[in-house]
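*Asks:*
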Amino acid sequence: MRTPLPGGQPPLRISVIIPTWRDAENLALLLPKLAAISAVTETIVVNASRGSETEPIAQRWGATLVKFSRPNRGAQMNAGADAAKGDVLLFQHADTHVEEAHLKAIAQAMRQPEIIGGAFYRKFDGRHPGLMWLEPVARFLSRHGGTLFGDQSVFVRRTIFQEMGGFAAYPLMEDVEFSRRLRREGRVVLLDPPVHSSGRHHLKKGAWRMTVRNALFIVLYKFGVSPVRLHRWYYPTPELPRRPRPSARRARAEL
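Numbering (the numbering used here), first residue to last: 472 to 726.
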């Protein structure tokens, strides 16, 4: 049962919007958790992957599936918001862990009408053991005007989101751009418990390498590099193996 708001207001409805691309494995872990949380009114998966892996996973756990023609996280989240019915929109990365305590924290915070949205503090985990000492610094920056990144589970009142015109249709850095505008709109909050994302990607490619790479991409974006170009660099399409060219002697023999 959803917690009623004070003053006889109706219960708060929270829509969870998940943009996905190559995320079937993470989605299979996240959706069962969301299905078990009573505070979640609806879950909307906006899928830009080719193939049919994501669709049966979404159907199995009762999520609404919105199909998208190409990966563009900003545009995907806008499409999910258009389909949402909730009072609050929670934009959730497929590889970020979320529990019932996080949804309760949102419901509690949004009882205050002056709060328009926010995000969660980020937990530094096994992906970056050498960076755990930076966690208090990251909390301080988030609390004092820093960027609310997508893997911090950003949430916002639907009316405010609509007034803002949603996310910029960027395939990457949409969270950086949206965070700046959201902070200008009104009061945002940072909540506990902190969230953390799956460490497999970082552990595979190296925690320090990924951390430095992410910071470099943010700097490039702020210096004017196109989010489309950054997305191509960040998610390079694997090249097909080239067919070996026959030697000159073999080519003559085949004639």
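From the three backbone atoms N, C-alpha and C, an ideal C-beta is built for every residue, glycine too.
Just so you know, these numbers come straight off a predicted model, no measurement behind them.
May I ask you to report which of helix, strand or coil DSSP gives S668?
*Replies:* Looking at S668 - three-state DSSP - the assignment turns out to be strand.
*Asks:* Using a threshold of 8 Å, state whether the C-beta atoms of A495 and T525 are closer than that.
*Replies:* A contact, by the Cβ cut-off of 8 Å.
*Asks:* Have a look at V625 and I577 and give me their C-alpha separation to the nearest angstrom.
*Replies:* Roughly 10 Å between the two C-alpha positions.
*Asks:* Check for me: the beta strand (DSSP E) holding F649 runs from which residue to which?
*Replies:* Element bounds for F649: not the beta strand (DSSP E) but the alpha helix (DSSP H), 645–656.
*Asks:* Determine the burial state of E645: buried for a count of at least 16 other Cβ atoms within 10 Å of its Cβ, exposed for fewer.
*Replies:* Burial call: buried.
*Asks:* Give the straight-line distance between the Cα atoms of T535 and R614, rounded to the nearest whole angstrom.
*Replies:* In a straight line, the C-alpha of T535 is about 33 Å away from that of R614.
*Asks:* Can you find a heavy atom of the ligand ATP that lies under 7 Å from the Cβ of R651?
*Replies:* No copy of the ligand ATP appears in this structure; indeed no ligand is present at all.
*Asks:* Am I right that Q563 and R593 are in contact with their C-beta atoms under 8 Å? What's the rounded C-beta distance?
*Replies:* Their Cβ separation, rounded to whole angstroms, is 14 Å, which puts Q563 and R593 out of contact at 8 Å.
*Asks:* Work out the CA separation of F638 and M581 for me, nearest whole Å.
*Replies:* The straight-line gap from Cα to Cα measures roughly 21 Å.
*Asks:* Out of A572, L612, I485, which one is the CA nearest neighbour of L561?
*Replies:* Comparing Cα-Cα distances from L561 to each of A572, L612, I485, the minimum goes to I485.
*Asks:* Kindly list the residues whose CB is nearer than 6 Å to the CB of R610, restricted to its own chain and excluding five residues on each side of it in sequence; keep chain order.
*Replies:* These residues qualify, in order along the chain: Y592.
*Asks:* From H573 to L662, what does the alpha carbon distance come to, in whole angstroms?
*Replies:* Cα to Cα, H573 sits roughly 8 Å from L662.
*Asks:* How would you write the range of the alpha helix (DSSP H) that K504 sits in, first residue to last?
*Replies:* Here the alpha helix (DSSP H) through K504 covers 495–506.
*Asks:* Do you know whose CA, among N518, A510, V699, S650, lies nearest D558's CA?
*Replies:* When only C-alpha atoms are compared, the closest one is A510.
*Asks:* Could you check whether L653 and L612 sit closer than 8 Å to each other, using their CB atoms as the reference points?
*Replies:* No, the pair does not count as a contact, with Cβ atoms beyond the cut-off.
*Asks:* Reducing DSSP to helix, strand and coil, say where Y592 ends up.
*Replies:* Looking at Y592 - three-state DSSP - the assignment turns out to be strand.
*Asks:* How would you call S727, buried or exposed, if buried means at least 16 neighbouring beta carbons within 10 angstroms?
*Replies:* Because the chain here runs from 472 to 726, residue 727 falls outside it and cannot be looked at.
*Asks:* Sorted by chain position, which residues of the same chain lie with C-beta nearer than 7 Å to A719's C-beta, five sequence neighbours on each side aside?
*Replies:* Unreliable placement is indicated for A719, whose pLDDT of 41 sits below 50; no coordinate value is reported for it.
*Asks:* Could you check whether S523 and R493 sit closer than 8 Å to each other, using their CB atoms as the reference points?
*Replies:* It is not a contact, given that the beta carbons lie outside the stated cut-off.
*Asks:* Give the range of the beta strand (DSSP E) segment to which S486 is assigned.
*Replies:* 485–491 is the extent of the beta strand (DSSP E) around S486.
*Asks:* Return the CA-CA distance between H568 and H667, expressed in angstroms with no decimal places.
*Replies:* Taking the straight line from one Cα to the other gives about 6 Å.
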